[in-house]
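Q: First, the structure itself, so that you have it in front of you.
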Amino acid sequence: MLMPFPGAVRGKKSSLPAPTPVVGPGSFGPLAWPTWRDFSQLAQAYAEELYGYPIDVRRSAMPCLQELLCYAFIRQNVPGGARLLAVGGGRSRVLAALAPDYECWCIDAFDGVGGSAAAMPLGYGYKMLADAMGHGNPLLPAASFDFVFSIAGPGHRRPESESALRSVFEDMRRVAKPGSYALYCLDYVRREGTSSAGEGARLYRAASEFFEPVTAFTAVEDIYSTRLYALPEKPYNEFVLPVTRQKMSDFGDIFSCNALFQTPQAAPRPHHIPSGPHPLSVSVPEKRLPRLHLVTPCHNDRAFIEHTISSVVSQKGHFYLHYHVEDGGSTDGTPDLLRQWEQDIASGASPIRCAGIAFSWDSAPDVGRYDALNHVLARQAADEDFVGWLAADAFLIPGALAAVAEVAALCPNVEWVLGQGLFIRENGEVEQYDPETRYPREVAAAGLCDGQLWQSIPQAGTFWRAALWRRAGGFDPRLADAAAWDLWRRFADAAVPFQILAPLGACLQREGRTADAATASREAIDRLLPAGERRARLEALQHSGRMTVRCIEPSPAGELRNLTAPEGRQPQSGKDFFADMYGNREALRTFCRQRSRELAGRGDCGTPLFSVVTPSYNQAQYIEETIMAALLQGEDRFEHIIMDGGSTDGTVELLAHYPHLQWTSEKDRGQTHALNKALALARGDIVAWINSDDYYTPNAFAAVANAFSAPGVTMALGGCLWIYEGTDNVRLVPGRTIGFQEMIRYWNDLTPPPQPALFFRRSLLDAVGYFDENLHLTMDYDFWLRTTGQGERIIGLEALLAIYRFHGGSKSGNQDDWRPFYAEWHHCYQRYRSFAAALPPSPLLTVALPWGVPSFDQERRVRDFLERATGDKFRDMEVLIVADAQHPVPDSLLRDLPVPGRIVCAATVTPEIFLRQAYGSARGAIIWFPSLHETLENKWFMRPLNLLLDDKDRPYADVPAAIGPASHSFLPEKSAITCQRFYRLA
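Count along the sequence shown starting at 1, add 48, and that's the number in our numbering.
Listed below in structure tokens is the structure:
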């Protein structure tokens, strides 16, 4: 469940059952203009169900009323399992709440206030299309939705013309099932002295062409009731004023006009898909207008090419276009068609919707399309132009060139742009489309985008700068059916692809011909790079760090252990992973800084869902990725608080580029002090502590929000990928569920859990206090012990949430000596171990050694062993030395060990006396009699110690055999006691 709008009443529950208002077709006459009473009843009946909290209708935004109305209508009238479509409202709380019970879809161009397709929400449980209604998106199936609804507030872009509005309703009619309902909630403004009936009447008039209105339209001026709900001044100032920049007295009163329509039973009339803005298009300043160059080779393709040309010349946006058709001497009338298009464009008969179009064509026999493409591009395209080619039976999606132009203008270093592949049958149905497909540079360079091991890079929707094409050497006409595949792999050797996560073009799958072409292409690729070699390359990449990222995003963490084994050799850096996960860094920086300005411009939007807190000192080379990864989560309801310790490396100058941040730069008393200062400012329900050299993975916030929607969840731990900068190693730490009994065993592998992947509720700070500022290395472990010690439990998540970097400038990565960490971990353990009823009293382990006998009479040798045995992570032990009077123990033997040491004296020491004295004097619950031959491996103590603690009836546990010989040089020969076991003491 997502957090409610600002205005939620936290902690207050209704004591009386709320009346459930009837919301249905028969009740929609009054609900077309809801009253205060309607809103209050909807809030009482459904707010907690929809938002998880009650709300105060006097302080809520208008979309809150409209969402409640849509939610109530669906719950009361649409059966579970039905298919729902939200038009706009990409961050829909209604769909998020209904997703468990319905098949939910949303289409949104993200072109309203602060909108951007890159901010598309992911992981909320519903299908999301980044497009505008009215474009006839082929991914929306016709006549298949049981309920369609739209909420259009003042921040939403309205259709500019009657025809555009009709196109929206025509498209809604196309996808709606006959007999189903559609609800359109419109913010309706009434200004003193003027009539605003036109807006509502325009909507009704356009909708009535395609739907049957349930109620007739009545202007609000004609309704003589003071009980109608109008947005109060306080929520107006909070939510609307930042958009309108007008006082409420100047802007007017805002009502909700709610129009309910029913889809006719008759089949939908044929629809026209107008050209329109692509979901990723934005305005580009005139002085930066890019030049795009598109070529279509053809031969006897008159039956298809007119649609292709139309899809190109109708593109709208801020760019100049040169479109050339290279005809191979067609005899089917294609030249006549091209001549007519040339005349129409020159005369203005074909409207131009971009800055300018130059249309050219030529018709002469050639030796193949790739030879023709080489000649045209070499002759016509300037180095800085973005160029591409489009087959005569392919077409561009409306707004595709505007998206490419945006990248060209904002990202001058980007040389290669890819859209997602979309393949359409001749009858208009979608043959193939996978919105999750990515084209990593390494995959393309290895020649794996072959349509078999990996999806082919789409020819329709791939653009590149002419300079890159020239450096790569252009198409190789000799390769014929493999020429495009070959060019893409050469491009990948020279440039990083910038992928737009939406289709830019579509390829027509022509029966027979397409299959033959695919077979010819596959055979040509096999001749150049045999299938066995390609499979071997893919297998090698699957065990590399870059491909690990591609597999991590969609896969459960448990399936990744083979890919990221602790000893795996994976040459990587944190910056490489960031680029692999999010894309071109320069383009992302531009987008993120713009998004930061948009978030800052909204002002205080109420209580955030997430508070991201980051302590930092001199981390300028890393912190921008930390900031950008949070911005790229697609979540608006977050705040990011950075406490900088007075950095001198440019951090402060970098922070100034991100106005949404709350940051302070001043000297502090260390990282824990800075962390607590940030937490004191945090207002979000969920706290995300991320250090300035780490960053979140895509969709991390969505996975966490989903986890925290379950009742009783206060902490959640997801997967974390450790990257050892400057080495070849990475390691995946999977998320897991942890309680206090597991947490207290700090000696275990991966305990404490990785901090950047652990999220917790802000309320825990009030319950258990802040982080201990006396600790500088393990303050997180101390906090986890405190919270789990009070009965809280960390819930494990499958999702990978964070990247943790070990490097020379970090505490954990700059530790040649880990003993300070070990000491603080043990300090925290001793502080809370009394809460662990299952643990015996301290010490847990006694390490018993004789002194002054053969093999145990050389101080340096014994001391070296003791330093190795006590210098690891586990410290809840004592060292017990059994000696006789003739061989005094040197003072330096036990001096400065990190664990207690004791000496027990006997008149003489034999193997039997040593054993008896050790058993009688040991204070530990477990005893060990090591030899001095052990080569102690990392965490040598973990397995036998845990076995004895978990099984109270087990008398002993074997130490891993690799650490030493089976016999002890000073144990009774007839005894069963061995140095390779820990023994339980009675």
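Where is the CB? At the ideal position from N, CA and C, for every residue including glycine. In this text the structure is predicted, and so the values were computed from the model without any measurement.
What span of residues does the beta strand (DSSP E) with His366 cover, start to end?
A: His366 -> no beta strand (DSSP E), and no H or E assigned at all.
Q: Cutting at 8 Å between CB atoms, please list the residues of its own chain near Glu257, excluding the five before and the five after it.
A: Counting only Cβ-Cβ distances below 8 Å, and skipping sequence neighbours, we find Arg214, Phe217, Glu218.
Q: Around the Cβ of Leu1033, are there at least 16 other Cβ atoms within 10 angstroms (buried) or fewer (exposed)?
A: Flag for Leu1033 reads exposed.
Q: From Cys305 to Pro261, what distance separates their C-alpha atoms?
A: One C-alpha to the other measures close to 13 Å.
Q: Based on DSSP bridge pairs, tell me the residues matched to Leu466.
A: Bridge partners of Leu466: Thr510, Gln547.
Q: Across which residues does DSSP place Ser108 in a beta bridge pair?
A: Note: Ser108 sits in no beta bridge, so no partner.
Q: Report the three-state DSSP secondary structure of Ser34 (helix, strand or coil).
A: For residue 34 there is no data in the structure shown, the boundaries of the chain being 49 and 1034.
Q: Given this structure, state the Cα-to-Cα distance separating Gly698 from Asn461, to the nearest angstrom.
A: Approximately 24 Å between the Cα atoms of the pair.
Q: Would Thr356 pass as a contact of Phe443 if the rule is Cβ separation under 8 Å?
A: Result yes, Cβ atoms of Thr356 and Phe443 sit closer than 8 Å.
Q: Which one or two residues does DSSP pair with His183 in a beta bridge?
A: Per DSSP, none; premise fails for His183.
Q: For the stretch 852 to 904, list the beta strand (DSSP E) runs that are entirely contained and at least 3 residues long, ordered along the chain.
A: 893 to 898, all fully within the stretch 852 to 904.
Q: Going by beta carbon distance, what residues of the same chain come within less than 6 Å of Arg964, once the five residues before and after it are set aside?
A: Answer for Arg964: no residue qualifies.
Q: Answer yes or no: do Pro948 and Glu926 have a C-beta to C-beta separation smaller than 8 Å?
A: A contact, by the Cβ cut-off of 8 Å.
Q: For Leu887, I'd like the list of residues in its chain whose CB is within less than 8 Å of its CB, leaving aside the five on either flank, ordered along the chain.
A: Cβ neighbours of Leu887 beyond the five flanking positions: Ile792, Arg881, Leu997.
Q: Can you tell which of Ala212, Arg250, Thr263 has its C-alpha closest to the C-alpha of Tyr229?
A: Looking at the Cα atoms, Thr263 is the closest of the given residues.
Q: What does the alpha-carbon distance come out to for the pair Ala805 and His874?
A: C-alpha separation (whole angstroms): 23 Å.
Q: For Asn285, is the classification buried or exposed, using 16 other Cβ atoms within 10 angstroms of its Cβ as the cut-off for buried?
A: Classification of Asn285: exposed, given that the 10 Å Cβ count is below 16.
Q: In chain order, what residues of the same chain have a beta carbon less than 7 Å from the beta carbon of Leu1019, not counting five sequence neighbours either side?
A: Hits under 7 Å: Pro959, Leu963, Phe977, Ile1025.
Q: Quick one, are the C-beta atoms of Arg131 and Phe197 less than 8 Å apart?
A: No; because the gap between Cβ atoms is not below 8 Å, this pair is not in contact.
Q: Within 10 angstroms of the Cβ of Ala847, are there 16 or more other Cβ atoms? Answer buried if so, exposed if not.
A: Buried is the call here.
Q: What does the alpha-carbon distance come out to for the pair Ser331 and Glu454?
A: Low confidence applies here, because Ser331 scores a pLDDT of 35, under 50, leaving its location unreliable; read the following figure in that light. Computed Cα separation, rounded: 8 Å.
Q: Let's test the definition: count the other Cβ atoms within 10 Å of the Cβ of Glu587 and tell me whether it reaches 16, buried, or not, exposed.
A: Flag for Glu587 reads exposed.
Q: Whose CA, out of Asp375, Tyr99, Ile405, lies closest to the CA of Gly416?
A: If we check each option's Cα against that of Gly416, Asp375 comes out closest.
Q: Tell me the DSSP bridge mates of His688?
A: Note: His688 sits in a beta bridge opposite Val660.
Q: Measure the C-alpha to C-alpha separation of Thr956 and Arg1002 and round it to an integer number of angstroms.
A: In a straight line, the C-alpha of Thr956 is about 33 Å away from that of Arg1002.
Q: Throw me the rounded Cβ distance for the His372 and Ser408 pair, which I believe falls under 8 Å.
A: With a Cβ gap of about 5 Å, His372 and Ser408 count as contacting.
Q: Please give the ranges of any beta strand (DSSP E) in the stretch 394 to 481, keeping only runs that are unbroken, at least 3 residues long and fully inside the region.
A: Taking only runs of at least 3 residues, the beta strand (DSSP E) segments lying wholly in the stretch 394 to 481 are 404 to 411, 434 to 437, 442 to 444, 464 to 468, 470 to 473, 478 to 481.
Q: In or out: Pro102 buried (at least 16 other Cβ within 10 Å) or exposed?
A: It counts as buried.
Q: So if DSSP puts Val930 in a beta bridge, which residue, or which two residues, is it bridged to?
A: Per DSSP, Pro898, Val952.
Q: Using beta-carbon positions only, say whether Gly732 and Leu657 come within less than 8 Å of one another.
A: Yes, the pair counts as a contact, with Cβ atoms nearer than the cut-off.
Q: Grab me the residues of Val435's own chain with a C-beta within less than 8 Å of its C-beta, minus the 5 sequence neighbours each way, in chain order.
A: Excluding positions up to five away in sequence, the list reads Leu340, His341, Leu342, Val343, Leu425, Ala429, Phe511, Trp512, Arg513, Ala514, Trp517.
Q: Checking 8 Å against the spacing of the C-beta atoms, do Ile842 and Ser740 come in under that value?
A: For Ile842 and Ser740, no; Cβs fall outside 8 Å.
Q: Take every Cβ of the stretch 376 to 393, pair it with every Cβ of the stretch 459 to 473, and state whether three or more of those distances are shorter than 8 Å.
A: No contact exists between the stretch 376 to 393 and the stretch 459 to 473.
Q: Which residue or residues does DSSP assign as beta-bridge partners of Ile974?
A: Answer is Leu893, Arg1032, bridged to Ile974.
Q: In this structure, how does DSSP classify Asp1088 when only helix, strand and coil are distinguished?
A: What is shown of the chain runs 49 to 1034, which leaves residue 1088 out entirely.
Q: Using 8 Å for Cβ pairs, my map puts Leu914 next to Phe904. What's the rounded Cβ distance?
A: With 8 Å as the limit, Leu914 and Phe904 do not qualify as a contact, their Cβ atoms being about 11 Å apart.
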